[in-house]
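K.L.:
The structure's right below; bear with me while I get my questions together.
Residue numbers (the working numbering): 139 to 323.
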């Protein structure tokens, strides 16, 4: 088994992102209650973590793909332990979920997937030794499929709880479908 590639995962995720956008219906475009925008998939609220304050629209517009790559590595790939995941497919879908919904949400999804496969993990959003040990007990393709279905349910939940997000549903589902595990029915 080869180690998952950060660059492959980043390329798959960033392919779904554009440059700058500030759609007022996109909840990720706000910081401190103010419409700022998103650049290369980096939300204003997420970039606040880098700056220690809400960014300006100009700062968001100025973000480049190389900024996104460094941010992805530090705050998503490394947090989700991409190098320790058992397959590229699982790394891709899990890190993309983390990019969209936050790493904690993605890890909770992984933990729920593993629990559905018979594990007894605390669903805490942290990918530590217990989660990794449980993960290695299962076929990566089976885990990836389970994560896929849980992510789909999470998208449905978001739209049900907040109908203003319905306008993004088709795009989110198309994005998710691009991660459908090979060999799954």
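Glycine residues also receive a C-beta, built at the ideal position from the N, C-alpha and C atoms.
Compare the Cα-Cα distances from residue 177 to each of 156, 192, 243, 183 and report the closest residue.
P.N.:
156
K.L.:
Using DSSP's beta-bridge definition, name the partner residues of residue 168.
P.N.:
Beta-bridge pairing links residue 168 to 173.
K.L.:
May I have the straight-line CA-CA distance separating residue 174 from residue 201, to the nearest angstrom?
P.N.:
13 Å
K.L.:
Apart from the five residues just before and just after residue 256, which ones in its own chain have a Cβ nearer than 8 Å to its Cβ?
P.N.:
none
K.L.:
For residue 271, count the other beta carbons within 10 Å of its own beta carbon; 16 or more makes it buried, fewer makes it exposed. Which is it?
P.N.:
Within 10 angstroms of the beta-carbon of residue 271 lie fewer than 16 other beta-carbons, which makes it exposed.
K.L.:
Is there contact between the stretch 301-315 and the stretch 263-280, where contact requires at least three CB pairs shorter than 8 Å?
P.N.:
no
K.L.:
Could you give the C-beta distance for residue 169 and residue 149, rounded to a whole number, given that I count them as a contact under 8 Å?
P.N.:
Not confirmed; about 27 Å, so no contact.
K.L.:
Grouping DSSP H, G and I as helix and E and B as strand, with all else coil, what is residue 239?
P.N.:
Assigned with DSSP and collapsed to three states, residue 239 falls in helix.
K.L.:
So what's residue 181 in DSSP terms, helix, strand or just coil?
P.N.:
strand
K.L.:
Just verifying my parser: in three-state terms, what is the DSSP assignment at residue 210?
P.N.:
helix
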